[in-house]
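As given, the protein sequences belong to chains B and Y, one line each in that order.
Numbering-wise (this note's numbering), the first sequence opens with residue 1 and increments by one.
Numbering-wise (this note's numbering), the second sequence opens with residue 1001 and increments by one.
Beta carbons are placed, not taken as given, at the ideal position from N, Cα and C, and that holds for glycine.
Okay, structure first, notes after.
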Amino acid sequence: MKMYWSYLRILFKSIAQYRLSFWLLAVGQSLTPLTGFAGIYFMFERFGQLRDWQFYEVALCFAVVHLSYTLCEAFARGFDTFSTLVVNGGFDRLLVRPRSTLVQVLGSRFEFARVGRISFSLILLFWAIGNLDIAWTAAKVVTLLLMIVSGMAIVAGIYIVTASLCFWTVEGLEIANIFTDGGREMAQYPLNIYGKWVKVFFTYVIPYGCVNYLPLLYILDRTQGSGWLYMLTPLVGVVFLLPCLLIWRFGVKHYCSTGS
Amino acid sequence: MITLNGISKSFKVAKRSAGLRQAAKALFVREHTIVEALRDITFSIGKGEIVGYIGPNGAGKSTSIKVMSGILVPDRGSCEIMGYTPWKERTAYVKQIGVVFGQRSQLWWDVPVIDSFELLRDIYKIPTQVYRANVDLLTETLDLASLLPTPVRQLSLGQRMRCEIAASLLHDPQVLFLDEPTIGLDAVSKIAVRHFIQTINKEKGITVVLTTHDMNDIEALANRILMIGHGRLLYDGSLGELRRRFGAQKTITVEYREHSLPVRVEGAELLSWTAERAMFTVDTSRCKVADAIAQLSEQLELVDVAVEATPIDEIIVQLYKEHSL
């Protein structure tokens, strides 16, 4: 942990060398989710509601998804851009250092410029909460935090799997964006507005639904029966991460025995 | 210290052929060729040795270094370094070694060198006192004082290489692997780097394995040469022995008062001739250098005599030729 902190410090110092570029990126990047959100806003302006979902409920959903996604992009950037590390041989360097490859890759990049998007998502989150009439309990706050953390775990898991594929090939990995960017675009609306196969895929295969839609029902008091189950569904996201880490370990082993 | 026994390693390389049709075909069926990078490499290196690892490009030098530093797992054979098998106990093992890839940096590009050193301190968990002492020592011997506060991207190649080597020694490794440490350096930096490698070898007893194409590195540093070609170990021995095998020829250059006719020397071959200067090669197994000079002084009024050994580069070329590399 101390070492990860040292990594962050040195990366921050690097960024500080390019001040203007940093601010431009930070501001520019925060505009991307803004346009996405504007789309939702104007849609509700026109149609009033989506299925039985109100504007601020969808806004909350949107904010949570974007927050966990951007946080993950910032922290797990090393995995997102892992192919460069393999291509330029930087991974060899990591292997001759006495720390786990996972921590070192995490520490190799941190996208500070995401601070723009993160703050946009936070503002949106609090704005949506402020306009919703939710009876907050400790359990609901925990659920909300779990949603964010588990969402990060899922995106990180996909990044790690994609990065692991780099050990075999560094070509054609764009396909993973279907699951990260695509998944995010899906998950920013409540899952029940989609068709059945979409629901099944994003609940059981890549469990965005479990960390977003289901616990959201609990927070908004839309659940039937026991709330506990809904509250704890975000943990599925953490479970999702485990096989991803196994794939990573397998990939590292494979790299060691093929090299270059 | 380092023992390799029957290490073999082969890579599967996808065949790429020219032509659009071939490229289209390659989308579906890939033909592979097996490249045997290392074949049955066996040697051992004792503590405190400096070993030069040489061979033409693509001979397997870097692959050997990667196997020894635990980056690659060989197909067959065993390797034991300080009691570890490099690719098995990676984290415990790499604490004991330093690795410098001459063509790749291990420093963080945009920040001052000292920041990289501090991060390495945390990565290797170097105790503060040890770290201080090492930084002081390295700063002094490598003359880094003015470089430490400079961002790496502003350093010249020679300056950077000094910092790279320092960075790989912060954690007191017992073995240092240097993959082409002098590549692209100017003469002054080369000498500084060589001198430093000698110093740490002598003072700290660090075992050094270095690959290089610069035979002067070998001449200045290595008391032992390992030559590899086509993945096989072709020569293992001292530079002196190599000299005796291939360097039996000496070149004698003589200058003299004007003399109109070429002279003949028994056992020596005339290379060039002017009225005031001549060059001979002498095969020392057939004729002693002293005899050749004696013969020359009988016929000429000598002004100056110079005797040189065959340059190490030429010996290596002969060695490569012998193994048809």
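Taking just the CA atoms, how far does residue j sit from residue i?
i       : j       : result
B:S260  : B:G89   : With a pLDDT of only 48 at B:S260, under 50, the local geometry of the prediction cannot be trusted, and no value is derived from it.
Y:T1033 : Y:E1314 : 33 Å
Y:D1217 : Y:K1061 : 16 Å
B:L124  : B:A59   : 7 Å
Y:G1077 : Y:D1283 : 42 Å
Y:Y1235 : Y:A1222 : 14 Å
B:V198  : B:L85   : 34 Å
Y:Q1185 : Y:E1164 : It is Leu, not Gln, that sits at residue 1185 of chain Y in the sequence shown. Between Y:L1185 and Y:E1164, the C-alpha separation is close to 13 Å.
Y:G1237 : Y:R1224 : 6 Å
B:E185  : Y:I1071 : 39 Å
Y:P1056 : Y:V1265 : 37 Å
B:V155  : Y:V1209 : 43 Å
Y:P1173 : Y:T1207 : 9 Å
Y:I1197 : Y:G1098 : 13 Å
B:S30   : Y:G1019 : 46 Å
Y:R1257 : Y:E1298 : 13 Å
B:T143  : B:L25   : 32 Å
B:Y7    : B:I15   : 12 Å
Y:E1241 : Y:A1248 : 10 Å
Y:G1006 : Y:F1043 : 9 Å
B:G107  : Y:R1162 : 25 Å
B:G28   : Y:E1140 : 47 Å
Y:V1029 : Y:A1037 : 24 Å
B:Y4    : B:L94   : 14 Å
B:F167  : B:G251  : 6 Å
Y:A1330 : Y:G1267 : Residue coverage of chain Y in this structure runs from 1001 to 1325, which leaves residue 1330 of chain Y outside it and unanswerable.
Y:E1219 : Y:R1243 : 11 Å
Y:R1277 : Y:R1194 : 36 Å
Y:V1175 : Y:Q1096 : 7 Å
B:K196  : B:T101  : 39 Å
B:F55   : B:R97   : 51 Å
Y:V1051 : Y:P1112 : 32 Å
Y:D1143 : B:Y255  : 38 Å
Y:T982  : Y:L1226 : The structure shown does not extend to residue 982 of chain Y, since chain Y is modelled only from 1001 through 1325, so no value can be given for it.
So, at 8 Å on beta carbons, what are the nonlocal neighbours of residue i in its own chain, with the 5 sequence-adjacent residues on each side left out?
i       : result
Y:L1170 : F1117, L1120, R1121, Y1124, I1126, Y1131, N1134, V1135, L1138
Y:D1110 : P1151, V1152, R1153
Y:R1039 : S1008, H1230, G1231, R1232
B:T32   : R117
B:A139  : G227, M231
Y:R1334 : This structure does not reach residue 1334 of chain Y, given that chain Y is present from 1001 up to 1325, and the question cannot be answered.
B:L20   : none
Y:T1199 : T1141
Here's a check: name, in chain order, each residue in its chain whose Cβ is nearer than 6 Å to the Cβ of residue i, leaving out the five neighbours to either side.
i       : result
Y:G1102 : D1179, E1180, P1181, I1183
B:V161  : C244, I247
Y:G1205 : G1048
Y:P1262 : W1273
B:R51   : I193
Y:V1073 : W1087
Give me, in chain order, the residues of the same chain whose beta-carbon lies closer than 7 Å to that of residue i; leave out the 5 immediate sequence neighbours on both sides.
i       : result
B:Y230  : L214, P215, L217, Y218, T223
B:W53   : P190
B:E111  : E73, A74, R77
B:G237  : S150, G151, A153, I154, P207, C210, V211
Y:S1285 : A1248
Y:L1271 : M1279, F1280, T1281
Below 8 Å on the Cβ atoms is my guess for residue i versus residue j; work out the distance and round it to an integer in Å.
i       : j       : result
Y:V1305 : Y:I1252 : 7 Å
B:R99   : Y:T1085 : The Cβ separation is near 19 Å, so there is no contact.
B:F62   : B:A163  : Not quite, the Cβ-Cβ distance comes to about 27 Å (not below 8 Å), so this is no contact.
Y:Y1053 : Y:I1228 : 7 Å
B:V64   : B:I148  : 6 Å
Y:I1312 : Y:M1215 : 4 Å
Y:S1168 : Y:V1067 : Their Cβ separation, rounded to whole angstroms, is 18 Å, which puts Y:S1168 and Y:V1067 out of contact at 8 Å.
Y:E1308 : Y:K1250 : 7 Å
Do residue i and the ligand GTP come close, with the Cβ less than 7 Å from some heavy atom?
i       : result
Y:D1143 : For the structure depicted, the ligand GTP is absent and the ligand set is empty, with no information on it obtainable.
Can you pull the chain C residues whose beta carbon is under 9 Å from the beta carbon of residue i, in chain order?
i       : result
Y:D1179 : Judged by its chain identifiers, the structure shown contains no chain C, and its protein chains are B and Y.
Taking Cβ-Cβ distances below 9 Å as the criterion, which residues of the segment 59-91 of chain B are in contact with chain Y?
N88, G89, G90, F91
At 3 residues or longer, and completely inside the segment 1149-1192 of chain Y: list those beta strand (DSSP E) runs for me, N to C.
List check, beta strand (DSSP E) in window: 1175-1179.
Below 9 Å between beta carbons is the criterion; list the residues of the segment 1122-1150 of chain Y that meet it against any residue of chain B, in chain order.
D1122, I1123, Y1124, K1125
Any chance you could list the alpha helix (DSSP H) runs of at least 4 consecutive residues sitting entirely within the segment 1230-1309 of chain Y, in chain order?
Counting whole runs of 4 or more residues, the segment 1230-1309 of chain Y contains the alpha helix (DSSP H) stretches 1239-1246, 1289-1299.
Below 9 Å between beta carbons is the criterion; list the residues of the segment 18-40 of chain B that meet it against any residue of chain Y, in chain order.
Y18
Can you check the segment 1063-1125 of chain Y for any beta strand (DSSP E) of at least 3 residues that lies completely inside it and give the ranges in chain order?
1076-1081, 1097-1101
At a CB distance below 9 Å, what residues from the segment 1-13 of chain B approach chain Y? Give them in sequence order.
Cβ proximity to chain Y below 9 Å picks out K2, M3, W5, S6, Y7, R9, I10, L11, K13 from the segment 1-13 of chain B.
Mind checking the segment 232-252 of chain B against chain Y and listing, in chain order, the residues whose C-beta falls within less than 8 Å of any C-beta there?
Answer in chain order: no residues at all.
Interface positions of the segment 1271-1294 of chain Y facing chain B (Cβ-Cβ less than 8 Å), listed along the chain
For the segment 1271-1294 of chain Y, which is checked against every Cβ of chain B, not one residue is closer than 8 Å.
Can you list the beta strand (DSSP E) stretches of 3 or more residues lying completely in the segment 147-210 of chain B, in chain order?
none
Residues of the segment 108-125 of chain B whose Cβ lies closer than 9 Å to any Cβ of chain Y, in chain order:
none
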